Structure formats: structure tokens, C-alpha cells
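Just so we're on the same page, the working numbering is the position in the sequence shown counted from 1, plus 3. Each residue gets a CB set at the ideal place from its N, CA and C atoms; glycine is no exception. Note that the structure is predicted; figures quoted are calculated from it, not measured. Here's the structure we're looking at; comments come further down.
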Amino acid sequence: MPAPATASAAAGAVAGRRSADIELKGVRKSYYKDRIEVPVLNGFDMLIRPGEFAALMGPSGSGKSTLLHLVGGLDTVDAGVVRVGEAHLERMSEKQLTAWRSRHVGFIFQMYHLVPVLTAAQNVELPLLLFRMSGGERRQRVRTALEVVGLGDRMDHRPSQLSGGQEQRVAIARAIVTDPDVILADEPTGDLDARTSQEILGLLNLLNGEFGKTILMVTHDPRAAEHAQRVLHLDKGVLDREVSNPVRAARP
Ligand SMILES: Nc1ncnc2c1ncn2[C@@H]1O[C@H](COP(=O)(O)OP(=O)(O)O)[C@@H](O)[C@H]1O
Ligand SMILES: [Mg+2]
């Protein structure tokens, strides 16, 4: 991977050390399949400190993605509290959630979710189109975000012209271009080989360490989880265990 961009190089796209804590209290969430209730979370509690890098592990179907969607305002709880920083998501309308999400959350998915017909720069620019901002500032932010992930020289490439690891780096640039305070990653290395995974995790570490982003990352890979300060284990909708990583102890 190219040398990570320095803090000064990143100023502008990921300027602030804003970070938010995340609190879930008594959260209940069910889905319905053929009118049959499928309870996923049944009185769920969780607390993530501001600026913490937490990993979430657990068997398939245990509710990890559901949890991430609730924290990111992509879905709503049936009952309980979801607070991210000062925002109470359980009190927001759909419209308020959309506006909040665009400013405060960056999502990273396993399969990148890039738009194939757009260039790297155009993909990264997408979230900024919701903002009132001059074209010049937008271009500058896009450039800086791509430089942070080491792809300043791939701005005009389309996803099909990039490797999987590069595609995920574009997706990370897209997640940080709005300078969110929380990054939610759902198995971000699930489709990558071991070496590329470590590069992506190095980037998440940079965003956490240099820019103070709070990160909640779902992963199946114990080696990926080692990068987090704390690993939460979810089973059947309950946190049944958590392990702090002494090597990556929380920063002041
Ligand atoms: N949109 C949905 N509609 C119906 N059931 C869903 C939906 N999303 C998730 N589920 C169900 O909720 C449970 C938890 O799913 P999910 O949060 O995706 O688990 P994980 O990410 O841990 O694999 C599963 O039983 C899944 O089938
Ligand atoms: Mg999932």
C-alpha cells in the first residue's frame, strides 16, 4: 500500500477529530416473514466510547448487520433507544434520519457497492451531492479523500479497472469524504485476501487513530478483530461476551 497520507494532507476531507459515542438501550427489533415474527434483538444494550474502534463478531444470523443498520439509521427500532452522539435516532422521522446519516455516518460494505459506470472520483463525490458546496470544494474533498486511501493516482479509473482492495479503498474514501463521526463497516475484508485485508485494516486504524473516528466493524475474521480495541460477541441477539485487546488499548 502507498504510504498513508499524513494528517495535514488529509485536512479538508477528514478534517475534524469529531467523534461520537454510541448507546443502545433496551432495543427491540423484529422482522416479519410470511407474517411470522422473527425477533432479532430483544432488549439489547451496548455502549461504544467516542473514538473507540470496536469489532462485532457472532454467528451468521445473530443480528450483526441489523445492529449496524439501526446504528446508522438505515432501519428503525421497534422499541428502545439508539443514541449516536447527541442524536436520538429513535425519535427521528425517515427524512430526519436521511439528513442525519448523510452528515454523521460513513458505511463500508463487504461488496463495496460502487456504481460501475462512474469513475472512482465520481463514486466518492456522490455523498457530497446532498451538500450545499461549490464545485471546487467538492473536487478538493474528493481528491483529498482518495489521497488518504492512497488512490490519488486512480481518480479516473472505473471499478472494473481496479482490484478488489482498490475498490474497497474507493468505498472507504466515499465513506469519509463527508467527514462523518462514526464509521460502520460490515465485513469490510470479507471478500479480500489476507494481505489486502491487512491494508484495509491499516486504513481503518489510521481513520481511528489519526482522525478519531468511532468505528464499529462486523467481522468473522479473528485477525481482523485484533485491530480493534474491544471485541463484542453477539449471539442470538445478545452480547454474551466482550474481550478488550491489551495491545490496542483505548487511546486517551
Ligand atoms: N429485511 C429482513 N427481512 C426479514 N428478515 C430479516 C431481514 N434482515 C434480517 N433478517 C433476519 O434477521 C436475522 C438477523 O440477520 P442479520 O442481522 O443479517 O444477521 P448477521 O448479519 O449477524 O448475519 C436473521 O434471521 C435474518 O434472516
Ligand atoms: Mg450480516
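query, result
"Inter-residue Cα distance where the pair is Gly83 and Leu237", "18 Å"
"Segments assigned beta strand (DSSP E), at least 3 residues, entirely inside the stretch 185-227", "185-189, 217-221"
"Same chain, Cβ closer than 8 Å to Val127, neighbours up to 5 away in sequence not counted", "Val145, Ala148, Leu149, Val173, Ala176, Arg177, Val180"
"Where Ser163 falls, given that 16 or more other Cβ within 10 Å makes a residue buried", "exposed"
"Asp169 burial status per 10 Å Cβ neighbour count (16 or more: buried)", "A quick correction: the sequence has Gln, not Asp, at residue 169. Gln169 comes out buried."
"Of the listed residues Gln143, Glu97, Val118, nearest to Gly76 (C-alpha basis)", "Glu97"
"Simplified DSSP state of Val53, which is helix, strand or coil", "The sequence shown places Pro at residue 53, rather than the Val named in the question. If DSSP states are grouped into helix, strand and coil, Pro53 belongs with coil."
"Cut-off 7 Å between Cβ atoms - residues of its own chain near Asp194, not counting five sequence neighbours on either side", "Gln113, Met114, Gly167"
"Among Val241, Leu235, Glu202, Arg86, nearest to Asp24 - alpha-carbon criterion", "Arg86"
"Three CB pairs or more closer than 8 Å across the stretch 191-210 and the stretch 31-43", "no"
"Integer-rounded CB distance, given that Gln171 should sit under 8 Å from Glu55", "Not a contact, Cβ separation roughly 22 Å."
"Whole beta strand (DSSP E) elements within the stretch 80-120, 3-residue minimum", "82-87, 108-112"
"Alpha carbon of Leu44 to alpha carbon of Ile51, nearest angstrom", "17 Å"
"Classification of Pro183 by the beta-carbon crowding that lies within 10 angstroms, buried from 16 upward", "buried"
"Cβ neighbours of Asp243 in the same chain (closer than 7 Å, five flanking residues each side left out)", "His236"
"First and last residue of the uninterrupted alpha helix (DSSP H) at Arg135", "Unbroken run through Arg135: none, as it is neither H nor E."
"Of the residues Leu27, Gln143, Ser247, Thr79, the one placed nearest Tyr34, counting alpha carbons only", "Thr79"
"Ligand 2 heavy atom lying under 6 Å from the CB of Ser65", "no"
"Reference Ala102; option with closest CA among Leu117, Pro249, Leu132", "Leu132"
"Cα-Cα separation, Leu210 to Val246", "22 Å"
"Inter-residue CB distance, Val219 and Leu71 (contact presumed, cutoff 8 Å)", "The sequence given here has Leu at residue 219, not Val. Yes, they are in contact, since the Cβ atoms of Leu219 and Leu71 sit about 7 Å apart, within 8 Å."
"Residue from Leu165, Glu93, Arg135 whose Cα sits closest to the Cα of Ala124", "Leu165"
"Separation of Gly240 from Gly46, as counted between CA atoms", "9 Å"
"Residues of its chain near Asp81, where Cβ-Cβ distance is below 7 Å and the 5 sequence neighbours each way are ignored", "Arg31, Lys32, Ser33"
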